[in-house]
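*Asks:*
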Amino acid sequence: MTQNGVLEKTYPAASFYDHQGKYRGILAWILSTDHKRIGLLYLGLILLFFSVAVFFGFLMRLKLIAPGFPLMKPQMYNAIFTLHGIIQIFLVVIPAIPAIFGNFFLPIQIGARDMAFPKINLLSWWLYASGAAIVFLSLFTAGGPIDTGWTFYAPYSLRTTVNVPLAVFGVFILGMSSILTGVNLVTTTHRLRAPGMSWFRLPLFVWGVYATAWVQILATPVIGITFALIMIERYFGIGVFDPAKGGDPLLYQHLFWIYSHPAVYIMILPAMGVVSEVIPVFSRKNIFGYKAIAFSSIAIASVGSLVWGHHMFVSGQSDFASVIFSLLTFLVAVPSAIKVFNWVATLYKGSIELKPPLLFALTFIFLFSIGGLTGLIQGALAVNMHLHDTYWVVGHFHYIIFGGMGFGFLAALHYWFPKMFGKMYDMKRTIGGWIILFIGFNILYFPMLILGWEGMPRRYYDYPPPFHTLHLISTIGSWILIAGLIWIFFNLIQGLRRGEKAEDNPWKGASLEWQIPSPPPTHNFEKIPIVGKGPYEFG
Amino acid sequence: MKNRKYRTYILVWLALVILTGITVSMAGMDLGLLSIAIVLIIAAIKSGLVLSYFMHLKYETGLLFKLMIPIVLAALTVFIGLTFSDVAFR
Amino acid sequence: METHRDDMGSKIGMWLFLLSEILLFGGLFILYSSYRYKNPIDFHLAAWELDRVLGTFNTLILITSSLSIVLSIFFVQKGNRRLSGLFLLATIFLGILFLGIKYVEWTAKIGHGLYPNSPRLLGRSKGEILFFGLYYSMTGLHGLHVLIGLFILSAMLVLVMKGKINEHRFVPLENTGLYWHLVDIIWIFLFPLFYLIT
Amino acid sequence: MFVSWATGLSGEVVDQVFFFILAITVFLLGLITFLMVYFVIRYRKKRNPQPSDIHGNIWLEIIWTIVPTLLVLAMFYYGLTGFNFLKKAPGDALKVKVIARQWSWLFEYENGVKSTELKVPVGKPVKLSLTSQDVIHGFYAPAFRIKQDVVPGMTNTLWFQPTGVGTFDVFCTQYCGLQHANMVTKIVVIPVDEFDQWIQKRGKEIEATKGKPGGAQLFHEKGCVACHSVDGTPRVGPTLKGLFGKEERVLIDGKEQTVIADEAFIRTYILKPNTYVVVGYPPIMPPQALTEDELTELVHYIKDLK
Ligand code: HEA
Ligand code: HEA
Ligand code: CUA
Ligand SMILES: [Cu+2]
Chain A
2 MTQNGVLEKT YPAASFYDHQ GKYRGILAWI LSTDHKRIGL LYLGLILLFF SVAVFFGFLM
62 RLKLIAPGFP LMKPQMYNAI FTLHGIIQIF LVVIPAIPAI FGNFFLPIQI GARDMAFPKI
122 NLLSWWLYAS GAAIVFLSLF TAGGPIDTGW TFYAPYSLRT TVNVPLAVFG VFILGMSSIL
182 TGVNLVTTTH RLRAPGMSWF RLPLFVWGVY ATAWVQILAT PVIGITFALI MIERYFGIGV
242 FDPAKGGDPL LYQHLFWIYS HPAVYIMILP AMGVVSEVIP VFSRKNIFGY KAIAFSSIAI
302 ASVGSLVWGH HMFVSGQSDF ASVIFSLLTF LVAVPSAIKV FNWVATLYKG SIELKPPLLF
362 ALTFIFLFSI GGLTGLIQGA LAVNMHLHDT YWVVGHFHYI IFGGMGFGFL AALHYWFPKM
422 FGKMYDMKRT IGGWIILFIG FNILYFPMLI LGWEGMPRRY YDYPPPFHTL HLISTIGSWI
482 LIAGLIWIFF NLIQGLRRGE KAEDNPWKGA SLEWQIPSPP PTHNFEKIPI VGKGPYEFG
Chain X
88 MKNRKYRTYI LVWLALVILT GITVSMAGMD LGLLSIAIVL IIAAIKSGLV LSYFMHLKYE
148 TGLLFKLMIP IVLAALTVFI GLTFSDVAFR
Chain F
59 METHRDDMGS KIGMWLFLLS EILLFGGLFI LYSSYRYKNP IDFHLAAWEL DRVLGTFNTL
119 ILITSSLSIV LSIFFVQKGN RRLSGLFLLA TIFLGILFLG IKYVEWTAKI GHGLYPNSPR
179 LLGRSKGEIL FFGLYYSMTG LHGLHVLIGL FILSAMLVLV MKGKINEHRF VPLENTGLYW
239 HLVDIIWIFL FPLFYLIT
Chain Z
-7 MFVSWATGLS GEVVDQVFFF ILAITVFLLG LITFLMVYFV IRYRKKRNPQ PSDIHGNIWL
53 EIIWTIVPTL LVLAMFYYGL TGFNFLKKAP GDALKVKVIA RQWSWLFEYE NGVKSTELKV
113 PVGKPVKLSL TSQDVIHGFY APAFRIKQDV VPGMTNTLWF QPTGVGTFDV FCTQYCGLQH
173 ANMVTKIVVI PVDEFDQWIQ KRGKEIEATK GKPGGAQLFH EKGCVACHSV DGTPRVGPTL
233 KGLFGKEERV LIDGKEQTVI ADEAFIRTYI LKPNTYVVVG YPPIMPPQAL TEDELTELVH
293 YIKDLK
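Protein chains in written order, with this note's numbering: chain A, 2 to 540; chain X, 88 to 177; chain F, 59 to 256; chain Z, -7 to 298.
1) Taking a contact to mean a Cβ-Cβ separation below 8 Å, would you say Z/I46 touches A/K429 in this structure?
2) Would F/Y194 count as contacting chain A if we go by Cβ distances under 8 Å?
3) Under 8 Å, Cβ to Cβ, is there at least one residue of chain A near F/E60?
4) Verify whether the separation of the beta carbon atoms of A/L230 and A/V241 is less than 8 Å.
5) Put Z/E240 into one of helix, strand or coil per three-state DSSP.
6) For ligand 6, any of its heavy atoms closer than 7 Å to the Cβ of A/Q379?
7) Out of A/Q76, A/L46, A/L205, A/P71, point me to the one whose CA is closest to A/L128's CA.
8) Can you give me the C-alpha to C-alpha distance between Z/M(-7) and Z/K178, rounded to a whole angstrom?
9) Give me the residue from A/A413, A/I226, A/Q21, A/T375 with the minimum Cα distance to A/Y446.
10) Please report how far the alpha carbon of Z/P278 lies from the alpha carbon of Z/Y261, in whole angstroms.
11) Determine, for A/P1, whether the minimum Cβ-Cβ distance to residues of chain Z falls below 8 Å.
12) Identify which residue in Z/F10, Z/F99, Z/I13, Z/V29 has its Cα closest to the Cα of A/W344.
13) Along the alpha helix (DSSP H) that carries F/P230, what are the first and last residues, could you check?
14) With respect to the beta strand (DSSP E) encompassing Z/D141, which residues constitute its N-terminal and C-terminal limits?
15) Using a C-beta to C-beta distance shorter than 8 Å, which residues of chain F count as neighbours of A/K246?
16) Looking at C-alpha atoms only, which residue of A/F118, A/K292, A/A413, A/R25 is the closest neighbour of F/D64?
17) Contact check, A/P358 vs A/F283 under 8 Å by CB: the rounded distance?
18) What would DSSP say about A/E9, mapped onto helix, strand or coil?
19) Do A/T189 and A/L72 have their beta-carbon atoms positioned less than 8 Å apart in this structure?
20) DSSP puts F/N224 in a beta bridge; with which residues?
21) Along chain Z, in chain order, which residues have C-beta atoms closer than 7 Å to that of A/I370?
22) So, does the CB of A/R192 fall closer than 8 Å to a CB anywhere in chain F?
23) From A/A334, A/F228, A/R192, pick the residue whose C-alpha is nearest to that of Z/T61; which is it?
24) Any Cβ of chain F within less than 8 Å of the Cβ of A/V241?
25) Taking a Cβ distance cut-off of 8 Å, strictly less, list which residues of the region 160 to 174 of chain X are near chain A, in chain order.
26) In chain order, which alpha helix (DSSP H) runs of at least 4 residues are fully inside the region 113 to 184 of chain A?
27) Evaluate F/H226 with the Cβ neighbour count: other Cβ atoms within 10 Å of its Cβ, from every protein chain shown; 16 or more gives buried, anything less gives exposed.
28) For Z/V112, collect the residues of the same chain with a Cβ closer than 8 Å to its Cβ; drop the 5 residues on either side in sequence, then sort them by chain order.
29) Any heavy atom of ligand 1 within a distance shorter than 7 Å of the CB on A/D320?
30) Against X/F176, what residues of chain A qualify as contacts under a CB-to-CB distance less than 8 Å, listed in chain order?
31) May I have the straight-line CA-CA distance separating X/I105 from X/L136, to the nearest angstrom?
32) Any beta-carbon of chain Z closer than 8 Å to the one on A/T3?
33) Grouping DSSP H, G and I as helix and E and B as strand, with all else coil, what is A/P281?
34) Give me every residue whose Cβ sits closer than 6 Å to any heavy atom of ligand 4, in chain order.
35) Please determine, among Z/G169, Z/V269, Z/Q189, the residue with the shortest C-alpha to C-alpha distance to A/A155.
36) Jot down the residue ranges of each uninterrupted alpha helix (DSSP H) in the region 444 to 493 of chain A, minimum 4 residues, whole runs only, in chain order.
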């Protein structure tokens, strides 16, 4: 299938893996400005950090298996949940989809040869790697690993003796990386679309990443300055967040959440883009309500920047602010609802093949809905008084981040795997792994919702005996879940090592990335294509 | 045409200097809240001049250039406004 | 394959970066406005202690440096690299002057025992502690931007002299100009907020 | 299986809102899941080889924009009514001051009585005003469904009205450092006359001591027990049993030295804990605001811990 027959496969498929550039060996990767190589560099690091953080998650669950279980000391637990949160949020889920798949596929999907600023793209990766290195370095400095929670709430983060400044400096660097990636993605989308690729012919993944990139540009600097102030405060004591000097700790929380709430949409929007990509391809049908989905991405990105105060309902902020933030929180759920309904409607009268990418995408919808609906429940003012900072919240965000973004990531990985690596994995085995993962996931996280409703506070290294049963179930779930995860990734690695050679277009997709060889050649397109139709017009 | 641009720059610079003079002398007077407003309005005019002439925003075409500053202003207003919904009503 | 050149693209990229810079300072403005709202009188009193003359002088310096960089760009576009270089040099000089005056100001304040966590400052009201905390962090961050700008300007000067920047290829200099103007704009707000509103 | 059924007026209000929203969301989740599964089965490739080309439907879009909007507005409104109730304490409420610090709670009644547990009479509204001495804590009584952060430099308030007697958990829900998970206490709801007796008796005791509590009491009230035992077991901080006169290995400005734990040492330690750090313990003891009398009493008490 070609786009109006313009794209002819006339060239020898010398893939970007075989490209001979200035450098050899590892240098050919870490100094490459090819967006595809950079995407894979991110993939490598992110998977590494992800496994570290999952291991921490496993340790936490193990500690919580029974009241008083003597696995580790309290300080150790406090450090572990902090690191777990920091790594997962700042090192894994925020960069994951935009930096890996956005990098790899956004240029191809819009018919470009590379990003707008290839060198800055490489710089972003280096900043990411150094920021991560600094965060890890902070573990080994005097005072030991940080123990503030990923939120770094003042004044605790100003008083604790551990090396908070170094850790937030690391996150600051990560923020710079994120901003530059955002600048690159927005500019690329504006400037490098192939002729004929009008805004409403963009694949929805591009829309998702584009909206995300704006949030990255506009929200990230706020947390940058917040963390810079934490550093200045620790070294010079200017007092802006220190109540002893007149500072207002709630303003710290405002600044923190001004970024960190939009950040949750940085996590989810690209994943939603992936789902919008996968569903039409496997139902062989145009997406239902293209414009509604595209605009709801923009709506989520913009209205989503106005709801940060729902993390502060019980913090002592004014009741007036709570009311406004609660109202806005409920309104921002509507564009998400629109997306969900459109996805489900796309399945209607399709011709559906339940291959792994679609399976993960549908699981995304299910788990994301649970996560989102639990979000609604805790967004109600009265109920939040009860549920704030309990395991309910922990359940909410694991459902929505891992169930949502995590499964979106898995969908993306299984969807584009043949394109990225030119190999195919064993689809039957993926389904086996999915079953384990899905069961484990729910056994792990559903009890958390009940625990929270019963009043189990979060960030507790120990708990009263009545909570035991549910914690025990949850811990068992974590083992099942990790087994499923290992199964799925093992299967992918097997595919890499001895999978069959993948076709150029195994799923018969209509968007541009499927019209070029697998894996793509260094400059993607021999001739810049001329686009004559939408991304989901099959046959 | 080019030379006119040259002259524009100098004129803009003159305007900036004069506006600075006005704010500084204004500040001596005690007008309370009004003086905050005036001082900020003058600062806004000054940055408007820099943005449109020195930074060429006036001459750029394309929706993106037209939207950028409004987007940032909207973001800042909303951030400050919503923060004040707390700070001012606590 | 030849890397293709997209001047418009570079400019868009630079602008997007500047937007994020605005919000970086935006975070501080949020703090400033909130604390000013909560401690109007203390802020009022503290502002009297800043040197308004030096502040005004610095404002004029930055405005003028904005003019000189814009002229530098103007001349390079017309092919007059010598004048362009001269105006660049003037910009750098003004930037250094600005930092020099800032240095004098800060040392004077520190000499008076008014610096973060100083016993003298801690003895004052909370609003004043906050005012000076914000004063040091905001002008400090701004000064850091001026400093970075100076490095970039010097690099540009070298490029202009080498002819790498010329009438056919001047986007890097234009982008430097954009950055420098932004630093100017931020000062245009910092100046009244700290020195004038009393 | 459930740890805490709702109690108190606040508990009932919150649960109503909770179950209202829960019902809607469970229904929606069921609907979406059902449709998803049904479509995948009904329109699988084998059964439906030819997809229909549908691009969208403007009416459907409008419906599923408006209906969810109305639903969420209803949820918001219901949540708001509950919130209004939770935020407006009746004027005749019993007032109790709550002081939080790492890692213990102190409750102070209007007549000066202090307690480490919150004793309240059944059926009467209670209004808490919460302050913190160090970092942010969170006052959370799950059974009553109420929670409020305790922020240094601010006084936040909270009210509740117990409807039955019993003992209920209080947790700290804002992460506040090492012993966050142990910063727990109880709300003890007792019959009104029992409460009156208790508070009067304690009030008399205070008068008898002219508002000067003894060392043992101070040791509890000032929160020392959160970190120190008096029976020889080390906690977050070293035990204070047998401290007086002991030779103690401490760090002074990072250098390890031996000092004798005399009265001056103990006094300094309590007032400026950062002067010394006992070897083997983290340097986290918070400074205490004490009057001279209180300090003397405390030091006496610690001296006698043999
Ligand atoms: C990817 C991340 C992500 C996403 C997308 C969301 C999305 C949402 N979140 Fe969540 N949230 C987090 C990550 C995320 N959150 C994290 C990490 C925290 C904890 C931070 C911390 O304290 O450490 C948190 C905390 C958090 C709180 C604070 C809890 C507390 O501490 O007291 C609240 C309160 O309102 C909230 C609400 C919501 C809402 C309403 C949405 C909405 O956007 C959800 C919209 C989705 C749906 C509604 C479901 C799909 C739609 C349907 C099934 C159709 C039917 C729908 C309707 C009728 C509307 N979240
Ligand atoms: C993206 C974020 C992320 C992820 C993946 C996880 C994964 C896990 N988390 Fe979570 N967690 C957080 C973010 C995350 N967590 C945050 C922010 C906090 C709050 C910290 C704080 O309070 O400061 C927290 C807190 C937290 C707690 C509460 C601690 C406390 O309050 O005391 C617990 C308790 O059991 C827990 C357990 C687990 C377990 C068992 C796993 C894992 O073992 C689960 C295994 C993984 C999955 C089920 C994901 C499915 C598949 C994929 C994601 C595909 C791969 C994707 C990529 C490579 C991107 N986590
Ligand atoms: Cu106090 Cu947690
Ligand atoms: Cu949020």
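Glycine included, each C-beta is placed from N, C-alpha and C at the ideal position.
*Replies:* This is what the structure holds:
1) The residue labelled residue 46 of chain Z in the question sits at position 54 within the fourth sequence. The residue labelled residue 429 of chain A in the question sits at position 428 within the first sequence. Taking C-beta atoms as the reference points, Z/I46 and A/K429 fail to come closer than 8 Å.
2) For the purposes of this step, residue 194 of chain F is taken as the residue at position 136 of the third sequence. So yes, F/Y194 belongs to the interface.
3) Within the third sequence, the letter at position 2 stands for residue 60 of chain F. At F/E60, the pLDDT of 41 sits below 50, so the modelled position is not reliable; the number obtained from the coordinates is stated separately. It does not: the Cβ of F/E60 has no partner Cβ on chain A nearer than 8 Å.
4) Reading the first sequence from its first residue, position 229 is the one you call residue 230 of chain A. Reading the first sequence from its first residue, position 240 is the one you call residue 241 of chain A. Yes.
5) In the fourth sequence, counting from the first residue as 1, residue 240 of chain Z sits at position 248. When secondary structure is reduced to three states using DSSP, Z/E240 falls in the strand class.
6) No copy of ligand 6 occurs in the structure displayed; its ligands are ligand 1, ligand 2, ligand 3 and ligand 4 alone.
7) Residue numbering aside, residue 128 of chain A sits at position 127 when the first sequence is read from its first letter. Closest by alpha carbon: A/L46.
8) On the fourth sequence, residue -7 of chain Z is found 1 positions in, with the first residue counted as 1. On the fourth sequence, residue 178 of chain Z is found 186 positions in, with the first residue counted as 1. For Z/M(-7), the predicted structure reports a pLDDT of 35, less than 50, and the residue's modelled location is therefore unreliable. A value from the coordinates is still provided. Rounded to the nearest whole angstrom, the CA to CA distance from Z/M(-7) to Z/K178 is 20 Å.
9) Against the first sequence, residue 446 of chain A aligns to sequence position 445. Ranking the options by Cα distance to A/Y446, first place goes to A/T375.
10) Stepping through the fourth sequence from its first residue, residue 278 of chain Z is reached at position 286. Stepping through the fourth sequence from its first residue, residue 261 of chain Z is reached at position 269. Near 10 Å, if we compare the C-alpha coordinates of Z/Y261 and Z/P278.
11) Past the edges of chain A, shown from 2 to 540, lies residue 1 of chain A, and the structure says nothing about it.
12) Taking the first sequence and counting its residues from 1, the one referred to as residue 344 of chain A is at position 343. Cα-wise, what sits closest to A/W344 is Z/V29.
13) Your numbering for residue 230 of chain F matches position 172 in the third sequence. 229 to 249 is the span of the alpha helix (DSSP H), which, as asked, contains F/P230.
14) As a first step, residue 141 of chain Z is located in the fourth sequence; it is residue number 149 there, counting from the start. Start and end: 138 to 142.
15) Along the first sequence, one-based indexing puts residue 246 of chain A at 245. Within chain F, the residues L180, K184, I187, L188, G191 have their CB atoms less than 8 Å from the CB of A/K246, given in chain order.
16) As a position in the third sequence, residue 64 of chain F is number 6, starting the count at 1. Comparing Cα positions, the closest option is A/F118.
17) For the purposes of this step, residue 358 of chain A is taken as residue 357 along the first sequence, with counting starting at 1. For the purposes of this step, residue 283 of chain A is taken as residue 282 along the first sequence, with counting starting at 1. Taking 8 Å as the upper bound for CB-CB distance, A/P358 and A/F283 are in contact here, some 7 Å apart.
18) The residue labelled residue 9 of chain A in the question sits at position 8 within the first sequence. Only weak support is given to the placement of A/E9: the predicted model assigns it a pLDDT of 47, under 50, and the value that follows is read from those uncertain coordinates. Judged by DSSP in its simplified three-state form, A/E9 adopts coil rather than helix or strand.
19) Counting from one through the first sequence, the residue named residue 72 of chain A turns up at place 71. Counting from one through the first sequence, the residue named residue 189 of chain A turns up at place 188. Taking C-beta atoms as the reference points, A/L72 and A/T189 fail to come closer than 8 Å.
20) For the purposes of this step, residue 224 of chain F is taken as the residue at position 166 of the third sequence. F/R227, per the DSSP bridge assignment.
21) Looking up residue 370 of chain A in the first sequence gives position 369. A small correction: the amino acid at residue 370 of chain A is Ser; Ile does not occupy that position in the sequence shown. Here the neighbours are L21, I24.
22) Stepping through the first sequence from its first residue, residue 192 of chain A is reached at position 191. Chain F contact via Cβ: present.
23) The residue you call residue 61 of chain Z lines up with position 69 of the fourth sequence. Comparing Cα-Cα distances from Z/T61 to each of A/A334, A/F228, A/R192, the minimum goes to A/A334.
24) Residue numbering aside, residue 241 of chain A sits at position 240 when the first sequence is read from its first letter. Using a Cβ-Cβ cut-off of 8 Å, A/V241 counts as an interface residue toward chain F, since at least one Cβ of chain F sits closer than that to its own.
25) When CB distances to chain A are screened at a threshold of 8 Å, the residues of the region 160 to 174 of chain X falling below it are A162, V165, F166, L169, T170, S172, D173, V174, in chain order.
26) Complete alpha helix (DSSP H) runs here, min 4: 119 to 138, 157 to 160.
27) Stepping through the third sequence from its first residue, residue 226 of chain F is reached at position 168. Counting every other CB atom within 10 Å of its CB across the protein chains shown gives F/H226 a total below 16, marking it as exposed.
28) Within the fourth sequence, the letter at position 120 stands for residue 112 of chain Z. Closer than 8 Å at the Cβ level, and outside the excluded window around Z/V112, lie L86, V88, V118, P154, I179, V180, V181, I182, F187.
29) Your numbering for residue 320 of chain A matches position 319 in the first sequence. Outside the cutoff, so no.
30) Counting from one through the second sequence, the residue named residue 176 of chain X turns up at place 89. Per Cβ cutoff of 8 Å: S319, D320, F321, A322.
31) Along the second sequence, read from residue 1 onward, the residue named residue 105 of chain X stands at position 18. Along the second sequence, read from residue 1 onward, the residue named residue 136 of chain X stands at position 49. The straight-line gap from Cα to Cα measures roughly 13 Å.
32) In the first sequence, counting from the first residue as 1, residue 3 of chain A sits at position 2. Reliability fails at A/T3, whose pLDDT of 40 lies under 50, so the model's placement of it is uncertain and the value that follows must be treated cautiously. No - not a single Cβ of chain Z is within 8 Å of the one on A/T3.
33) Walking along the first sequence from the start, residue 281 of chain A turns up at place 280. Correct three-state label for A/P281: helix.
34) Those residues, listed in chain order, are A/H262, A/V265, A/H311, A/H312.
35) As a working note, residue 155 of chain A is residue 154 in the first sequence. In terms of Cα proximity to A/A155, the closest of Z/G169, Z/V269, Z/Q189 is Z/G169.
36) Positions of the alpha helix (DSSP H) runs, each at least 4 residues long and wholly inside the region 444 to 493 of chain A, cannot be given because no such run exists.
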